[in-house]
Every structure is written in structure tokens, then in C-alpha cells.
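If you read the sequence shown in my numbering, its first letter stands for residue 157, the second for the next number, and so on. Notes to accompany the following structure.
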Amino acid sequence: MRNKNLIILLLALVIVSCGAPKNLISYKENAELAASGGNYTEATKAWKEYFAQFPGMNELDGAEYARAAQTAMKAGDSGLAVEWFDQARYKNYGDAEMYATLAGIYQEQGNLSKELSALEFLKTNFENESSNINNRLFSIYDETGMKEKALEAWDDLSQEEKSSEQNLEKYFLLNREKGNDQLCDSVSIALLNVNPENVPALEWTAPKIYHFAEKRYQTEMANYEKNRTRSQYRILLKELDKVTADFKKSLGYFEKLWKLRPDSRKEYAGYMSNIYVRFNDEKKAAYYRNFLD
Numbered sequence: 157m158r159n160k161n162l163i164i165l166l167l168a169l170v171i172v173s174c175g176a177p178k179n180l181i182s183y184k185e186n187a188e189l190a191a192s193g194g195n196y197t198e199a200t201k202a203w204k205e206y207f208a209q210f211p212g213m214n215e216l217d218g219a220e221y222a223r224a225a226q227t228a229m230k231a232g233d234s235g236l237a238v239e240w241f242d243q244a245r246y247k248n249y250g251d252a253e254m255y256a257t258l259a260g261i262y263q264e265q266g267n268l269s270k271e272l273s274a275l276e277f278l279k280t281n282f283e284n285e286s287s288n289i290n291n292r293l294f295s296i297y298d299e300t301g302m303k304e305k306a307l308e309a310w311d312d313l314s315q316e317e318k319s320s321e322q323n324l325e326k327y328f329l330l331n332r333e334k335g336n337d338q339l340c341d342s343v344s345i346a347l348l349n350v351n352p353e354n355v356p357a358l359e360w361t362a363p364k365i366y367h368f369a370e371k372r373y374q375t376e377m378a379n380y381e382k383n384r385t386r387s388q389y390r391i392l393l394k395e396l397d398k399v400t401a402d403f404k405k406s407l408g409y410f411e412k413l414w415k416l417r418p419d420s421r422k423e424y425a426g427y428m429s430n431i432y433v434r435f436n437d438e439k440k441a442a443y444y445r446n447f448l449d
């Protein structure tokens, strides 16, 4: 009788020990099967059931948590996705997709510091798989006042990204603040090629061209006063043609600003009045002069 009971007990233990792994495999297979069919909610549920079999979590693989987290994200549960990604990181697991997804979650949450950490880890450790994050890194550095890093990140942008008005304007403003005037000259022109009504570029270029033209005007008039000859007069006329062309270009930019920023017309009126003085148009010069009062 005792031997019979012992046999029954041993059979029961064998059944239990064989049944548990089968259930675990079944949960995991159900999760992956549901995910492959696009049923991410059901897949997430299956992953939960799978993880529930490991209270201590010591036996689990970080890659499993990462796969489950991607599934939870697709199911619309970003909170659970972060929780599982954290478990994956705790187990020293990480891949490019994982950190890119984490960065996206933190961006949606408005958590710039965590998003930046995820992006920087991604760029440092998965450089070959992170070229598409450079644009976002540039924006975050600019937004958070990390100007030197923003300028460094600019070099990593694609040509298409460097050609966007938004990025060009950020780059222009960064260099303006740094006092890189020569670079600002070229970037402002690039900005105006993208959008002829970009206000920061117009406000940089219009007075720049005005002062260049005025300086040339004063120089050529002074040269003529020192040497009032026919040959010098011909030189003066030739140079004044160039001055007039520059004044016209500057005036065109100021006219755009006049329409775009009516509340700031007083800032532009002096330039426009002086340009019309050079054109010997006192009526229009007087009109713009009135805005200075």
C-alpha cells in the first residue's frame, strides 16, 4: 500500500513539473502569435500572464521584456511599456529600437530630460542606427539652451534637414547670439531663399545691405570731393549705380517687414526715409519720417 501511494505521488510530481513549462511556453507563444496578427492588446495580456509565472523575475531574459514592451506600446499602453523597458534595462539589455521607442514615449509626455538621455544613449551606443535622431537632438539642445551642443549637432544633420526653414532659423539665431556675423550673412540669405518673408532673416539682411550701400555712397562722394575731375565723376556715376541697386534691394526687404510687422514700423521708418532721400524722393522720405515721431 505504501509503495502504491509513493508511485502515485511521484506521478503527480512528474505531471506538475511537465505541465508548468508547457503553460509558460503557451503564454509566450500566444503573445507572439497575437502580436504577429496585429492583436496587440491580446498579446500584451499574454505577456502579463507569462511574466506572472516568475514572481522573482530572476529567470527572465531582458530581451523578453523589451519585446513585450514594444507590444504594449503598440497596444497603446505606454506606461506599461516603460515599466517593461525598465525591467529590460535592469537586466542590462538594450537595443536601438528600445531606446528610440523610449525617446518617443518621453517626447509625448513632454519629459525633455528623459527623452534627451534616451537619445544620447542611442547615439552613443548605436551610432549606425541613430541617424534619424540628429534632428530631434538639435531641437532639444536649442530648446534647452545648450547652444554649443546645438551647434555641434548641426553638423550631423542631413542636407535636407539643414535646408528646412525651422532648422535654418534656429541655426541663424544661435549664430547671431554667438556673434558669428559672417555666417549669419550667408544663413540669412539661405533662409530667405526658403521663405522670402522670414522675419529674423529680413531684419538681419535689410539693415546690413543698407549700411553697406550707405558706406559706399559716403566713400564715393568723398572721393569725388577730393578729386573733382571728369574721370572721377565717371567713376562716381558707375559706383552710384551699384549703390542704388543695393538701396533698392534693402528697401524691398524693409517693405516686406513693413507689411509683416506693422507694430514695429518705427524701427524701419528711419532706414526707409533715408533710402528715399538718396533717391531724391522727398515726398516719400517725409512720409516715412512721420513714423519716427
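By construction, the Cβ of each residue, glycine as well, lies at the ideal position given by its N, Cα and C atoms. Predicted model, so just to flag it, every value in this text is computed and none were measured.
Which one of the options has the shortest CA to CA distance from residue i?
i: T400; options: Y389, F368 and K415; result: F368
i: T227; options: A237, Y183 and G218; result: A237
i: N290; options: D311, N281, K303 and G301; result: D311
i: E423; options: Y373, M229, I391 and L448; result: L448
i: A252; options: K279, K303, L268 and D233; result: K279
i: Y206; options: T197, E185 and Y196; result: E185
i: E359; options: E188, E285, F328 and A274; result: F328
i: G408; options: Y196, L392, S319 and P363; result: P363
By the three-class DSSP mapping on this structure, what secondary structure does residue i have?
i: A231; result: coil
i: Q209; result: coil
i: T361; result: helix
i: D312; result: coil
i: D217; result: coil
i: M302; result: coil
i: P356; result: helix
i: K247; result: coil
i: S269; result: helix
i: T385; result: coil
i: G335; result: coil
Taking its Cβ as the centre, do 16 or more other Cβ atoms sit within 10 Å of residue i, making it buried, or is it exposed?
i: A357; result: buried
i: L413; result: buried
i: G193; result: exposed
i: S429; result: buried
i: F210; result: exposed
i: Q243; result: buried
i: Y366; result: buried
i: D217; result: exposed
i: I345; result: exposed
i: Y221; result: buried
i: N267; result: exposed
i: E353; result: exposed
Within the chosen definition, does the stretch 347-354 reach the stretch 377-389 through at least 3 CB pairs nearer than 8 Å? no
The stretch 302-309 in contact with the stretch 329-336 per 3-pair CB rule at 8 Å: yes
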